[in-house]
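K.L.:
Below you'll find the structure I mean.
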Amino acid sequence: MTPNEDTASAVARSAIGLAAAAASSITLNDWVAIATLLYLALQVGLLLPKYLRWWRASPQEHGNERD
């Protein structure tokens, strides 16, 4: 893709989101807050199991890092 095609694609995707935000009673600031909370929830959901597995593993596997 050329830079112009990338820009056009990004503008089109942004326009859809902005049109939806403008059509609803929720402000853009609220949409950003909602998106941030969803992103945070996804990160917690994806990383928490990984950290729990690491925490429950034997200390020998991690070279006694927890001490």
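Numbered continuously in the numbering used here, the sequence shown closes out at residue 133. All C-beta atoms in this analysis are idealised placements derived from N, C-alpha and C, irrespective of residue type, glycine included.
(1) At the level of alpha carbons, what is the spacing between Leu84 and Ala123?
(2) Express the C-alpha separation of Ala99 and Gln109 in angstroms, rounding to a whole number.
(3) What number of angstroms, rounded off, separates the C-alpha of Val77 from the C-alpha of Trp121?
(4) Alpha carbon to alpha carbon, how far is Thr102 from Thr68?
P.N.:
From the atom records:
(1) Their Cα atoms are separated by approximately 46 Å.
(2) 15 Å
(3) Taking the straight line from one Cα to the other gives about 44 Å.
(4) 30 Å
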